[in-house]
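Peer 1: In order, the protein sequences belong to chains C and X. Numbering of the first sequence is given in my numbering, commencing with residue 290 and proceeding in unit increments. Numbering of the second sequence is given in my numbering, commencing with residue 980 and proceeding in unit increments. By construction, the Cβ of each residue, glycine as well, lies at the ideal position given by its N, Cα and C atoms.
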Amino acid sequence: DVKVTQSSRYLVKRTGEKVFLECVQDMDHENMFWYRQDPGLGLRLIYFSYDVKMKEKGDIPEGYSVSREKKERFSLILESASTNQTSMYLCASSLNSGRSNYGYTFGSGTRLTVV
Amino acid sequence: GESVGLHLPTLSVQEGDNSIINCAYSNSASDYFIWYKQESGKGPQFIIDIRSNMDKRQGQRVTVLLNKTVKHLSLQIAATQPGDSAVYFCAELGGSNRLAFGKGNQVVVIP
């Protein structure tokens, strides 16, 4: 069964800490995405990547960075965690648009609490 | 943490009845649409998709209808079961390779 795996389901970090959220997919997908999900706001795109070592800002990149050193792994980095970054973080991957399937496959999510 | 279902439009449906969830999309150039289901504490899961050259597609107990004239998408769930309780999102794909997601609808199945 193909998968997008997020390394942590629940995470509690202190304000000011540097936080790494890891995501790995085993589907050889070119595209990977990081979203945060908050009640009433839906899914908001933070960063995405169409290829190794490539990254693009999404709609809310402030306070975040990403790393894609290998095709299967896309890491989200909170440089200095703040309480307003408490959220559910979702990673997703997809094939390039030239292929037949455009749908995203999502991980199970990481619920991050910053105290 | 708070449930993602808070603050969302909610459809309460009796077990065994049919459910209809609606979605208005914004981009008339969108040519691919997906419905996702998200259960509490989990990531969204693909349910069914449809391309713009179709107006109806059926899966197992689910049907998606597309009305391009009014930019409207709906998901019909037949014989709703308790396991169908979740948040349902529509998503559209336009000119880029990025899906645009709706905010979602909460479905609550009453046993």
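1. For Val1049(X) and Thr294(C), I'd like the C-alpha separation in whole angstroms.
2. Quick check: is the beta carbon of Arg388(C) nearer than 8 Å to any beta carbon in chain X?
3. For Gln1037(X), list the residues DSSP reports as bridge partners.
4. Rounded to whole angstroms, what's the CA-CA distance from Ala1070(X) to Gly1081(X)? Just pull it up for me.
5. By the three-class DSSP mapping on this structure, what secondary structure does Gln374(C) have?
6. By Cβ distance, which residues of its chain are closer than 8 Å to Lys342(C), with the 5 residues on each side in sequence left out?
7. Would DSSP call Gly331(C) helix, strand or coil?
8. What residues of chain X sit near Phe337(C), judged by a beta carbon separation below 8 Å?
9. Starting from the C-beta of Gln345(C), find all residues in its chain whose C-beta is less than 6 Å away, skip the five residues before and the five after it, and write them out in chain order.
10. Cβ of Tyr1015(X) versus every heavy atom of the ligand FMN: is any distance shorter than 7 Å?
11. Is Val1066(X) near Leu1054(X), with beta carbons less than 8 Å apart?
12. I'd like to know if Tyr378(C) contacts chain X, where contact means its C-beta is closer than 8 Å to some C-beta of that chain.
13. Am I right that Val403(C) and Ser369(C) are in contact with their C-beta atoms under 8 Å? What's the rounded C-beta distance?
14. For Pro988(X), would you say it is in contact with chain C, using Cβ-to-Cβ distances shorter than 8 Å as the test?
15. Please check the pair Ile1027(X) and Gly1038(X), which I expect to be a contact at CB under 8 Å, by giving their CB distance rounded to whole angstroms.
16. Using a Cβ-Cβ cutoff of 9 Å, what residues of the segment 1003-1025 of chain X are near chain C? List them in chain order.
17. Can you find a CB in chain X that lies within less than 8 Å of the CB of Leu332(C)?
18. Going by the CB atoms, is the gap between Gln326(C) and Ser397(C) shorter than 8 Å?
19. How would you list, in chain order, the residues of chain C whose beta-carbon sits under 9 Å from the beta-carbon of Lys1047(X)?
Peer 2: This is what the structure holds:
1. 38 Å
2. Any reading at Arg388(C) is ruled out, since the residue's pLDDT is 49, under 50, leaving its predicted position unreliable.
3. Thr1042(X)
4. 6 Å
5. helix
6. Arg357, Glu358
7. strand
8. Arg1077
9. First, the residue type needs correcting, since residue 345(C) is Glu and not Gln in the sequence shown. Around Glu345(C): Phe337.
10. By its list of ligands, the structure shown contains no ligand whatsoever, and the ligand FMN lies outside what it can speak to.
11. no
12. no
13. About 10 Å; that fails the 8 Å criterion.
14. no
15. 5 Å
16. Tyr1011, Ile1013, Tyr1015, Gln1017, Gly1020, Lys1021, Gly1022, Pro1023, Gln1024, Phe1025
17. yes
18. no
19. Per Cβ cutoff of 9 Å: no residues; Lys1047(X) is ~17 Å from chain C at best.
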